[in-house]
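Here is the structure we will look at.
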Amino acid sequence: MTALRRLYRLTDGVRCLTSGSGATALLRWPHAEEFGRLTGAEHAVLRALVDDRSIEELTELCPAESTAALVAALDRGGWAVTSVVCGERTLYSSHTRWPPRRPPVPDRPHRLSRFASVRRDGDGVLVASPTAARTVRIADTRLLETAMTAGAGRDPSGLPAAAARWLLADLADAGLLATAEETDELRGAQWSPHEIAFHHDSRLRRDHRMGEDFGGTYWAKGRFDPPPARHPVWGTADVALPRPDLERLHAQDPPLSAVMEGRRSIRSYDEDDPLTVEELGEFLFRTARVRATGQDTGLDVSDRPWPAGGAAHELEVYPLVHKVRGLSPGLYHYDPHEHGLSRVPATPTALRWLMTSSAAGMNGGATPQVLFVIATRYGRLAWKYRAMAYALTLKHVGVLQQTMYLAATAMGLAPCALGVGDADAFAAATGLGALEETGVGEFALGRPASSAGGEDGGGA
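If you read the sequence shown in this note's numbering, its first letter stands for residue 7, the second for the next number, and so on.
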């Protein structure tokens, strides 16, 4: 059977520059690494690595020791892709992550890391982990069982017996196999697979290219229409909310330092004296209204009391009214452009589900007089941003919740940000598709009970 070979080539987009002093550097924005003064033979190796080359082919251009050292440095620094081939067929390839890191020592018996993900990547399958030193891309799916069982399965038919051994060794070298620290040490056990992957992939890393596969790339421009600023479903507001007198607020509001120091999470309410529709209107006016509008490369943007990435303001506020004087109970959508409410035709069962699933995060069992469900029209951010849009929308939830805390404290109300919510309950209540719009945060509000002098029931 045809023997296995290991081939090397430079990563796509790598450029080689030589300074006036003769020093050579490799660049792939935003990364650069100096390799010192290379010989003409070593430069010939770099030029040859535009295509896949074996060590044997490269040593025809440069002495074996120099070739091996240069290829090892390229591989170690993430400048080269390594492929294992059988005849003319690529079985799998691997690539060092940025920045280079030492792979952890795998446990025995070998098994795939609990942090590893296996997913389709073009015509192949990518095996990756945020804790790994390398990624492995399997081109020949006959090796999938080897990857999934970490070599415990049968040798793939039709391939040399060494193929499974090579892949297992490369998975171990990449740090894609399980280690003791994943479960036996707090630093590993504290992370769930989805949380560590989300953290890793939504931060700017050296293997991200700002403006290309990360950040504000406007990647969807010309491919998809930008989602409009105004919600396309709920239309014109049914209920016009009262607007407060801003001059009065400026004159009578407590100072910011007093509001910051007085902020508390309050979870008990005065059921005999609930919120009024005027207070609800003032609260939403202070926290969520549109103050001005504009455009950014075809995307509608706006200015509101809280800051948002790219001024896209993808968050939507849905007041679920339990007890407000002057307003019927039910679920509403807040129109920040007109400062009004549109009734959402949710069933009583869906409304109970939405309220109880969120209020479950409150100690004491009290029902908020108003539960604000915060949803994201994710495409408003994702039309512009790549790899960071969901992380950004969660940051926006925190910013909006803090804005709500400060406004409620200034108004003498009982605010509480909630840590849980049910996206399925939101979908059931609104009838909206989860991929288009989904609940991402909750905030409870009411008039404090006379005995509520500060935090109660724990929490922030």
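Beta carbons are placed, not taken as given, at the ideal position from N, Cα and C, and that holds for glycine.
So, with DSSP's three-state summary, where would you put T24?
Against the sequence shown, residue 24 aligns to sequence position 18. Strand at T24.
Between the beta-carbon of L23 and the beta-carbon of A31, is there less than 7 Å?
Working through the sequence shown from its first residue, we reach residue 23 at position 17. Working through the sequence shown from its first residue, we reach residue 31 at position 25. Going by C-beta atoms, L23 is nearer than 7 Å to A31.
Grab the span of the alpha helix (DSSP H) containing Y411 for me, first residue to last.
The residue you call residue 411 lines up with position 405 of the sequence shown. Per DSSP, Y411 belongs to the alpha helix (DSSP H) from A395 to A416.
Can you have a look at S198 and say buried or exposed, based on whether 16 or more other CB atoms are within 10 angstroms of its CB?
The residue given as residue 198 occupies position 192 in the sequence shown. By the neighbour-count rule (16 or more Cβ atoms within 10 Å), S198 is not buried but exposed.
I'd like to know if the segment 364-384 and the segment 416-424 are in contact, where contact means that at least 3 CB-CB pairs between them fall below 8 Å.
yes
G181 vs A138 beta-carbon contact at 7 Å:
Counting from one through the sequence shown, the residue named residue 181 turns up at place 175. Counting from one through the sequence shown, the residue named residue 138 turns up at place 132. Yes; because the gap between Cβ atoms is below 7 Å, this pair is in contact.
Can you tell me the Cα-Cα spacing of D428 and A167, whole angstroms?
As a first step, residue 428 is located in the sequence shown; it is residue number 422 there, counting from the start. As a first step, residue 167 is located in the sequence shown; it is residue number 161 there, counting from the start. Rounded to the nearest angstrom, the two C-alpha atoms are 49 Å apart.
Measure the CB-CB distance between R160 and S100 and report whether it falls below 7 Å.
What you label residue 160 is simply residue 154 of the sequence shown in a count that begins at 1. What you label residue 100 is simply residue 94 of the sequence shown in a count that begins at 1. Against a cut-off of 7 Å, the Cβ pair of S100 and R160 comes out as no contact.
Below 8 Å on the Cβ atoms is my guess for L177 versus A156; work out the distance and round it to an integer in Å.
Your numbering for residue 177 matches position 171 in the sequence shown. Your numbering for residue 156 matches position 150 in the sequence shown. L177 to A156, Cβ: 7 Å. Contact.
Just the Cα atoms here: how many angstroms apart are H343 and L357?
On the sequence shown, position 337 is the one that residue 343 refers to. On the sequence shown, position 351 is the one that residue 357 refers to. Rounded to the nearest angstrom, the two C-alpha atoms are 25 Å apart.
Under 8 Å by Cβ, that's how I've got I380 and V350 pegged, so tell me the actual separation to the nearest angstrom.
In the sequence shown, counting from the first residue as 1, residue 380 sits at position 374. In the sequence shown, counting from the first residue as 1, residue 350 sits at position 344. 14 Å between Cβ atoms; not a contact.
Going by beta-carbon coordinates alone, are L377 and M361 separated by less than 7 Å?
For the purposes of this step, residue 377 is taken as residue 371 along the sequence shown, with counting starting at 1. For the purposes of this step, residue 361 is taken as residue 355 along the sequence shown, with counting starting at 1. Yes, Cβ-Cβ distance for L377 and M361 is below 7 Å.
With DSSP as the reference, identify every bridge partner of Q301, one or two as the case may be.
Translated into the one-based positions of the sequence shown, residue 301 becomes position 295. Q301 is bridged to D306.
Looking at the structure shown, is P232 part of a helix, part of a strand, or coil, going by DSSP?
If you number the sequence shown from 1, residue 232 lands on position 226. Coil at P232, not helix or strand.
For F41, three-class secondary structure by DSSP:
Stepping through the sequence shown from its first residue, residue 41 is reached at position 35. Correct three-state label for F41: strand.
Give me the Cα-Cα distance between A134 and S123, rounded to the nearest whole angstrom.
The count along the sequence shown starts at 1 and reaches residue 134 at position 128. The count along the sequence shown starts at 1 and reaches residue 123 at position 117. Cα to Cα, the separation comes out at about 5 Å.
Cα-Cα separation, H328 to A257:
The residue you call residue 328 lines up with position 322 of the sequence shown. The residue you call residue 257 lines up with position 251 of the sequence shown. In a straight line, the C-alpha of H328 is about 32 Å away from that of A257.
Shortest alpha-carbon distance to T355 belongs to which of A431, E320 and E442?
For the purposes of this step, residue 355 is identified with residue 349 of the sequence shown, where counting begins at 1. Here the closest residue by C-alpha is A431.
Along the chain, where does the alpha helix (DSSP H) that runs through L286 open and close?
Along the sequence shown, read from residue 1 onward, the residue named residue 286 stands at position 280. From DSSP, the alpha helix (DSSP H) with L286 extends over V283 to A294.
Looking only at its own chain, which residues have a Cβ that is under 8 Å from the Cβ of E63, when we skip the five neighbours before and after it?
Counted from its first residue, the sequence shown places residue 63 at position 57. If we look at E63 and ignore the five residues flanking it on each side, its Cβ neighbours are A54.
Could you tell me the alpha carbon to alpha carbon distance between T8 and W35, rounded to whole angstroms?
For this step, residue 8 is matched to residue 2 along the sequence shown. For this step, residue 35 is matched to residue 29 along the sequence shown. Rounded to the nearest angstrom, the two C-alpha atoms are 39 Å apart.
Taking the straight line between their C-alpha atoms, what separation do you get for G217 and H37?
Taking the first residue of the sequence shown as 1, we reach residue 217 at position 211. Taking the first residue of the sequence shown as 1, we reach residue 37 at position 31. Cα to Cα, the separation comes out at about 14 Å.
Could you give the distance in angstroms between the alpha-carbon of H319 and the alpha-carbon of S308?
In the sequence shown, residue 319 corresponds to position 313, counting from 1. In the sequence shown, residue 308 corresponds to position 302, counting from 1. Using only the alpha carbons, I get a separation of about 7 Å.
Excluding five sequence neighbours on each side, which residues of the same chain lie with their C-beta closer than 6 Å to the C-beta of T189?
Along the sequence shown, read from residue 1 onward, the residue named residue 189 stands at position 183. Correct list, in chain order: A195.
Cβ pair L97, A169 closer than 7 Å:
Within the sequence shown, numbered from 1, the residue matching residue 97 stands at position 91. Within the sequence shown, numbered from 1, the residue matching residue 169 stands at position 163. Their beta carbons are under 7 Å apart, which means L97 touches A169 by this criterion.
Measuring only the C-alpha atoms, how far is G463 from L286?
Numbered from 1 along the sequence shown, position 457 holds the residue referred to as residue 463. Numbered from 1 along the sequence shown, position 280 holds the residue referred to as residue 286. The pLDDT assigned to G463 is 41, lower than 50, so where the model puts this residue is not dependable, and the model offers no usable value.
Identify whether E66 lies in helix, strand or coil by the three-state DSSP scheme.
For the purposes of this step, residue 66 is identified with residue 60 of the sequence shown, where counting begins at 1. Coil at E66, not helix or strand.
For S25, count the other beta carbons within 10 Å of its own beta carbon; 16 or more makes it buried, fewer makes it exposed. Which is it?
Sequence index remark: in the sequence shown, residue 25 carries index 19 (1-based). Burial call: exposed.
Whose C-beta lies closer than 6 Å to the C-beta of R125 among residues of the same chain, with five residues either side of it excluded?
Numbered from 1 along the sequence shown, position 119 holds the residue referred to as residue 125. Result list for R125: L132, in chain order.
With DSSP as the reference, identify every bridge partner of H339, one or two as the case may be.
Mapped onto the sequence shown, residue 339 falls at position 333. Answer by DSSP bridge pairing, in chain order: S348.
Among H206, V111 and R209, whose alpha-carbon lies nearest the alpha-carbon of D179?
By 1-based counting over the sequence shown, the position of residue 179 is 173. D179 has its Cα closest to that of V111, out of H206, V111 and R209.
Taking 8 Å as the cut-off, does the segment 267-278 touch the segment 410-417 (at least 3 CB pairs, one atom from each stretch)?
yes
If you draw a straight line from the C-alpha of G332 to the C-alpha of V283, how long is it?
On the sequence shown, position 326 is the one that residue 332 refers to. On the sequence shown, position 277 is the one that residue 283 refers to. Going by the C-alpha atoms only, they are around 5 Å apart.
If we call anything under 7 Å between Cβ atoms a contact, is P234 one with E288?
For the purposes of this step, residue 234 is identified with residue 228 of the sequence shown, where counting begins at 1. For the purposes of this step, residue 288 is identified with residue 282 of the sequence shown, where counting begins at 1. Result no, Cβ atoms of P234 and E288 do not sit closer than 7 Å.
Just checking my contact of V20 with W85 at CB under 8 Å: how many whole Å lie between their CB atoms?
Position 14 of the sequence shown, counted from the first residue, corresponds to residue 20. Position 79 of the sequence shown, counted from the first residue, corresponds to residue 85. Confirmed, about 6 Å.
Would you check if the distance between the CB atom of W312 and the CB atom of V245 is smaller than 7 Å?
Locating residue 312 in the sequence shown gives position 306, where the first residue counts as 1. Locating residue 245 in the sequence shown gives position 239, where the first residue counts as 1. Cβ distance not < 7 Å, so W312 and V245 don't count as in contact.
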